[in-house]
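Take -17 as the starting number for the sequence shown in the working numbering and just add one per residue. Virtual Cβ for every residue (Gly too), placed ideally from N, Cα, C. As structure tokens, the structure follows; a few thoughts come after it.
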Amino acid sequence: KGQWNENAKNWSAYDVMSELNHNAVVGFPNPQIAREAITVLLLRSDRDNPRHKIRFDVTRELLDRASIQHKSLQFGGTNLLSEVLQMTLFTDYVSFYVALLNGADPSPNTAIDYLKDRLAKG
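Structure representation (structure tokens):
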């Protein structure tokens, strides 16, 4: 999430699977403008809990019913650390690419610099 905010200069949010299924699914239908503007990325692992595998399937069905674009990204590795690093590297790369698509420079974080400056001044 942080890399999407800082690199891509894009708004982003995240939920862990069980929390997503308890609250966020209720808000899928509205507002319509959000449904048209977002794509949900579902980061999947070969090591997903069996119950979470079912949750991912049902979540995709609910996203389809709400006409929300979504992509499942499956990662696998020889161990958990390898998988986590693959997810991190891939999503960092994509955040950089999205910045370029948006015509944004991924390096400066002027909003954060402004915030820090204002907080320092009190």
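So residue i is in the beta strand (DSSP E); what residue range does that whole segment cover?
| i | result |
| --- | --- |
| THR21 | 21 to 27 |
| SER54 | 51 to 57 |
Where does residue i sit, in a helix, a strand or coil, going by DSSP?
| i | result |
| --- | --- |
| PHE78 | helix |
| LYS(-17) | coil |
| PHE10 | coil |
| SER0 | helix |
| THR70 | helix |
What are the boundary residues of the alpha helix (DSSP H) that residue i is part of?
| i | result |
| --- | --- |
| LYS(-9) | That residue, LYS(-9), is in no alpha helix (DSSP H); it is neither H nor E in DSSP. |
| PRO32 | 32 to 47 |
| ALA86 | Note, ALA86: premise wrong, no alpha helix (DSSP H); not H, not E. |
At the level of alpha carbons, what is the spacing between residue i and residue j?
| i | j | result |
| --- | --- | --- |
| LEU44 | ALA16 | 15 Å |
| LEU151 | ARG33 | Shown here, the chain extends from -17 to 104; a query on residue 151 therefore has no answer. |
| TYR96 | ASN(-13) | 15 Å |
| PRO11 | LEU23 | 17 Å |
| PHE119 | ASP99 | What is shown of the chain runs -17 to 104, which leaves residue 119 out entirely. |
| LYS103 | ALA93 | 15 Å |
| SER54 | ASP87 | 27 Å |
| TYR(-4) | LYS(-17) | 7 Å |
| VAL8 | ALA19 | 18 Å |
| ASN67 | VAL76 | Checking the sequence shown, residue 67 turns out to be Leu, not Asn. Roughly 14 Å between the two C-alpha positions. |
| THR70 | GLN(-15) | 10 Å |
* Taking one C-beta from the segment 54 to 67 and one from the segment 22 to 35 each time, how about it: are there three or more such pairs within less than 8 Å? -> yes
* So, do the segment -13 to 7 and the segment 32 to 43 have three or more beta carbon pairs nearer to each other than 8 Å? -> yes
* Taking 8 Å as the threshold, find out whether the segment 70 to 83 comes into contact with the segment -17 to -9 through three or more Cβ pairs. => yes
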